[in-house]
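Structure first, then comments.
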Amino acid sequence: MAARDAAQSAVGQGVVQVALARFPRENVAISGNSTEFVRVGDSGGHAKFHFCPVCGSTVFYEIGGHEAFVGVPVGAFADPGFPAPRVSVYEERMHSWVAPPPGAERIP
Ligand SMILES: [Zn+2]
């Protein structure tokens, strides 16, 4: 995957902070098995999360209405040079001590 093409965001998912990278679907090859869980957001939208059936790690996700993209948690990449998120969302729920990446677009 081309990390430079990723539209990244940090969102809350029942954890304090998570960084997700979004890639054009045509640039993603998915193989192997995953367990699915569909989460309904506050706005009624759906997000389908795919988990490793062995360890439970989120391996990728899909957002309803944005089928052209596949999301991957940045932590799934063994790359300490992975670029920082460019967008920070759900900040109205953010803990006071969480610091969005410098220069990130901030969406309440
Ligand atoms: Zn696993």
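Following our numbering, the numbering of the sequence shown begins with 1034 at its first residue and continues without gaps.
Every residue, glycine too, gets a C-beta built ideally from N, C-alpha and C.
Give me the Cα-Cα distance between I1063 and V1103, rounded to the nearest whole angstrom.
-> For the purposes of this step, residue 1063 is identified with residue 30 of the sequence shown, where counting begins at 1. For the purposes of this step, residue 1103 is identified with residue 70 of the sequence shown, where counting begins at 1. Those two C-alpha atoms are separated by around 10 Å.
Pick helix, strand or coil for R1125, following the three-state DSSP scheme.
-> Against the sequence shown, residue 1125 aligns to sequence position 92. In the sequence as presented, Arg is not what sits at residue 1125; that position holds Glu. It is helical.
Just checking my contact of F1056 with V1107 at CB under 8 Å: how many whole Å lie between their CB atoms?
-> On the sequence shown, position 23 is the one that residue 1056 refers to. On the sequence shown, position 74 is the one that residue 1107 refers to. Their Cβ separation, rounded to whole angstroms, is 12 Å, which puts F1056 and V1107 out of contact at 8 Å.
Work out the CA separation of T1068 and C1088 for me, nearest whole Å.
-> Sequence index remark: in the sequence shown, residue 1088 carries index 55 (1-based). Sequence index remark: in the sequence shown, residue 1068 carries index 35 (1-based). Rounded to the nearest angstrom, the two C-alpha atoms are 11 Å apart.
Would you identify the three-state DSSP class for E1059, choosing helix, strand or coil?
-> As a position in the sequence shown, residue 1059 is number 26, starting the count at 1. It is helical.
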